[in-house]
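J.: If you scroll down you'll find the structure; I have some questions about it.
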Amino acid sequence: MRVRFAAAIAVRSDSLDGYELLSLDEIEPVFLHRQQAKLLSLRRLLGYRAAGVNAWTGGKGERVVPPHEEDSGNEELYVVVRGRAAFTVGDETADAPAGTLVHVPPQTHRAAIADEEGTIVLAVGGTPGRAFEVHGWDDWAIADALRREGRPDDGRAVLTAAMEAERDSWALAYNTACWESLGGNADAAFELLRRALRLDEAEVRKWAKDDADLDPLRNDSRWRELFG
Amino acid sequence: MNIAHVDELDAIALPDGFVWRPVRRRFGIKAFGVNAYTPGESRQVVESHTEDQLEHEEIYLVLRGRVRFTVGDDDHELGPGQLVFVRDPQLRRGAVALTDDAAVLALGGKPGRPHEISAWETMFAAVPYAQADDWEEAIRIHEEGLAERPDDPALLYNLACMESRGGRHRDALLHLRRAVELEPKWAEHAVKDSDFDAIRDEQGFPAG
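As given, the protein sequences belong to chains C and X, one line each in that order.
For the first sequence, the working numbering assigns the number 81 to the initial residue and increments by one for each residue that follows.
For the second sequence, the working numbering assigns the number 3 to the initial residue and increments by one for each residue that follows.
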């Protein structure tokens, strides 16, 4: 049995005997630039594969659910594990002390702000009728945080490990291409885009069309070769 | 807003002494399994069980209080914000509450497969009505579950039990026969099951 109360950024390895223990308090929060919120990277740490599961943490006045809509058909459940948060879902607001559960259907705007220090909100998501797939938004976000700390090699290692674990995921290859594009590594980005296109051409074409992360690549001749 | 505190969820005391707090049913969640549990008379807060039938990966997160988990041969005392992730479905797991206020959130699903609503949720939801001899409501809950899982033998068998107890003998026989057709082992259970005393002598009752 491996008891791991460890840092979030470390890439996980398999437990040997079928279960693990984890304390949310011992996970190192990672500040995500785009979300302007602190993530506890639960899914990555556990290697959970049945649904999306992560947690957010923040002090009074900080985001514990970044404002967003789930546009991929995801339904989400938020659980206030500790502290207190003010939720906004659509046009409604609610005070949510610890032990509160909030369910949000897809395409509904949601956000939450911590009302107490040390607030933790668990977020669980999935798409009805579809098996959960790792798209790697969290791997990307952590790699982004590491690059902003001046640790691009560690960021790349996070994404590479995620792709190794999910070799058939077009989304992970695509998100890694985005990350390399933003880092100015066009060669790596194009190689990853080719890999992503081989895995799911339709999805990659759909997303690549308007994705600002790929803007640094659009004037390259290889872009025209791939996307016309 | 679809919002509820864990203490506002239904509290369904189950025969094993723990209290099921249905989360998935409350919100109509379809993408994953999620429920909460609080202790009942026996102090049990997570039923001792394996996931070898459903093959679910499960996370148990302590929301409140202190809880002693037993996973395989190991015991672990956990508090709020601590969790057990049981990846191996064969591993037996259960938990007892060490404090009265304990609450545990359980999250589960089978990797690589769209989530299917578990038959046990229907059976658990019907327990209070069966205990109160409200067979019509217990039957209605089973019919609702069967709409999601029309060929689930355990659900059909349980429905037949409720119908037999509720005086709907013809329906009971039909559903019992269908359960046995789908999974013959249910015939052996039916022979010994007192729920079927009212229809045991009917023509077509499955032989054990």
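Cβ coordinates follow ideal geometry from the N, Cα and C atoms, glycine included.
Based on the DSSP secondary-structure assignment, which residues constitute the bridge partners of X/N37?
T.: Here residue 37 of chain X is taken as the residue at index 35 of the second sequence, counted from 1. Paired residue(s): X/P24, X/A108.
J.: Using alpha carbons as the reference points, say which of X/P186, X/E145, X/P82, X/G67 lies closest to C/I200.
T.: As a working mapping, residue 200 of chain C is identified with position 120 in the first sequence. Answer by Cα proximity: X/P82.
J.: Report all residues from its chain with a CB closer than 6 Å to the CB of C/P146; omit the five preceding and five following residues, and keep chain order.
T.: Sequence index remark: in the first sequence, residue 146 of chain C carries index 66 (1-based). Answer for C/P146: Q115, A117, listed in chain order.
J.: How would you write the range of the beta strand (DSSP E) that C/P177 sits in, first residue to last?
T.: Position 97 of the first sequence, counted from the first residue, corresponds to residue 177 of chain C. 172-177 is the extent of the beta strand (DSSP E) around C/P177.
J.: Among X/V129, X/D135, X/A156, X/Y39, which has the Cα closest to the Cα of X/L184?
T.: By one-based count along the second sequence, residue 184 of chain X stands at place 182. It is X/A156.
J.: Going by alpha carbons, who is nearest to C/T188 out of C/R162, C/H215, C/E155, C/E271?
T.: What you label residue 188 of chain C is simply residue 108 of the first sequence in a count that begins at 1. The option with the nearest alpha carbon to C/T188 is C/E155.
J.: For the stretch 154-166 of chain C, enumerate the residues whose C-beta is nearer than 8 Å to any C-beta of chain X, in chain order.
T.: Within the stretch 154-166 of chain C, the residues whose Cβ lies closer than 8 Å to some Cβ of chain X are N154, E155, L157, V159, V161, R162, listed in chain order.
J.: Three-state secondary structure (DSSP) at X/L65?
T.: Residue numbering aside, residue 65 of chain X sits at position 63 when the second sequence is read from its first letter. If DSSP states are grouped into helix, strand and coil, X/L65 belongs with the strands.
J.: For the stretch 104-189 of chain X, which segments carrying the alpha helix (DSSP H) assignment without a break, of at least 4 residues, lie completely within its bounds, in sequence order?
T.: Qualifying alpha helix (DSSP H) stretches, in chain order: 121-133, 137-150, 155-167, 171-184.
J.: Using the Cβ count rule (16 or more neighbours within 10 Å means buried), how would you classify X/R27?
T.: As a first step, residue 27 of chain X is located in the second sequence; it is residue number 25 there, counting from the start. Result: buried.
J.: Quick one: is X/E53 near chain C, going by C-beta distance under 8 Å?
T.: Within the second sequence, numbered from 1, the residue matching residue 53 of chain X stands at position 51. So, not an interface residue.
J.: Could you check if X/E59 is buried or exposed, using at least 16 other CB atoms within 10 Å of its CB as the buried criterion?
T.: Looking up residue 59 of chain X in the second sequence gives position 57. Buried: at least 16 other Cβ atoms inside 10 Å.
J.: Between the alpha carbons of X/D197 and X/M164, how many angstroms are there, rounded?
T.: Locating residue 197 of chain X in the second sequence gives position 195, where the first residue counts as 1. Locating residue 164 of chain X in the second sequence gives position 162, where the first residue counts as 1. Rounded to whole angstroms, X/D197 to X/M164 spans 8 Å at the Cα level.
J.: Within 8 Å of any Cβ in chain C, is that where the Cβ of X/Q84 sits?
T.: Here residue 84 of chain X refers to the residue found at position 82 when the second sequence is read from its first residue. Yes, contact with chain C.
J.: In whole angstroms, give me the CA-to-CA distance for X/A211 and X/F34.
T.: Because chain X spans 3 through 210 in this model, residue 211 of chain X falls outside it and cannot be assessed.
J.: Throw me the rounded Cβ distance for the X/L85 and C/L226 pair, which I believe falls under 8 Å.
T.: Counted from its first residue, the second sequence places residue 85 of chain X at position 83. Counted from its first residue, the first sequence places residue 226 of chain C at position 146. So it is not a contact: roughly 25 Å between Cβ atoms.
J.: Quick one, which residues of the stretch 191-216 of chain C are near chain X if we go by CB-CB under 8 Å, in chain order?
T.: Within the stretch 191-216 of chain C, the qualifying residues are I200, L202, V204, G205, G206, T207, P208, G209, R210, A211, F212.
J.: When DSSP labels each residue in this structure, what does X/G96 get in the three-state scheme?
T.: Taking the second sequence and counting its residues from 1, one reaches residue 96 of chain X at position 94. Strand at X/G96.
J.: Does the contact criterion of 3 or more C-beta pairs under 8 Å hold for the stretch 297-308 of chain C versus the stretch 155-166 of chain C?
T.: No contact exists between the stretch 297-308 of chain C and the stretch 155-166 of chain C.
J.: Is X/D77 near the ligand ZN, going by C-beta to nearest heavy atom under 7 Å?
T.: Ligands are entirely absent from the displayed structure, and the ligand ZN is therefore not among its contents.
J.: If C/L239 sits next to C/A223, beta carbons under 8 Å apart, how far is it from one beta carbon to the other, in whole angstroms?
T.: For this step, residue 239 of chain C is matched to residue 159 along the first sequence. For this step, residue 223 of chain C is matched to residue 143 along the first sequence. Indeed, because the Cβ distance is near 5 Å, the residues count as touching under 8 Å.
J.: Please report the residue range of the beta strand (DSSP E) in which C/V204 lies.
T.: If you number the first sequence from 1, residue 204 of chain C lands on position 124. That run of the beta strand (DSSP E) goes 199-206.
J.: Is there at least one Cβ from chain X nearer than 8 Å to C/T240's Cβ?
T.: Looking up residue 240 of chain C in the first sequence gives position 160. No, C/T240 does not count as interfacial toward chain X.
J.: Please work out which residues of its chain come closer than 7 Å, Cβ to Cβ, to X/D66, disregarding the five sequence neighbours upstream and downstream, and give them in chain order.
T.: Along the second sequence, one-based indexing puts residue 66 of chain X at 64. First, the amino acid is wrong: residue 66 of chain X is Arg here, not Asp. So the list reads P82, D103, A104, A105, once near-sequence residues are dropped.
J.: Give the DSSP-derived three-state secondary structure of C/P146 in the structure shown.
T.: On the first sequence, position 66 is the one that residue 146 of chain C refers to. It is a strand residue.
J.: Look at X/A108 and X/Y39 and say whether their C-beta atoms are less than 8 Å apart.
T.: Translated into positions along the second sequence, residue 108 of chain X becomes position 106. Translated into positions along the second sequence, residue 39 of chain X becomes position 37. Result yes, Cβ atoms of X/A108 and X/Y39 sit closer than 8 Å.
J.: Per DSSP, what kind of secondary structure is X/N53 in: helix, strand or coil?
T.: Taking the first residue of the second sequence as position 1, residue 53 of chain X is located at position 51. In the sequence as presented, Asn is not what sits at residue 53 of chain X; that position holds Glu. Note: X/E53 maps to coil in three-state DSSP.
J.: Based on the DSSP output, what are the partners of C/Y158 in its beta bridges?
T.: Taking the first residue of the first sequence as position 1, residue 158 of chain C is located at position 78. Per DSSP, C/V182, C/A203.
J.: Determine the extent of the beta strand (DSSP E) in which C/F111 is found, giving its start and end residues.
T.: Residue numbering aside, residue 111 of chain C sits at position 31 when the first sequence is read from its first letter. Here the beta strand (DSSP E) through C/F111 covers 110-112.
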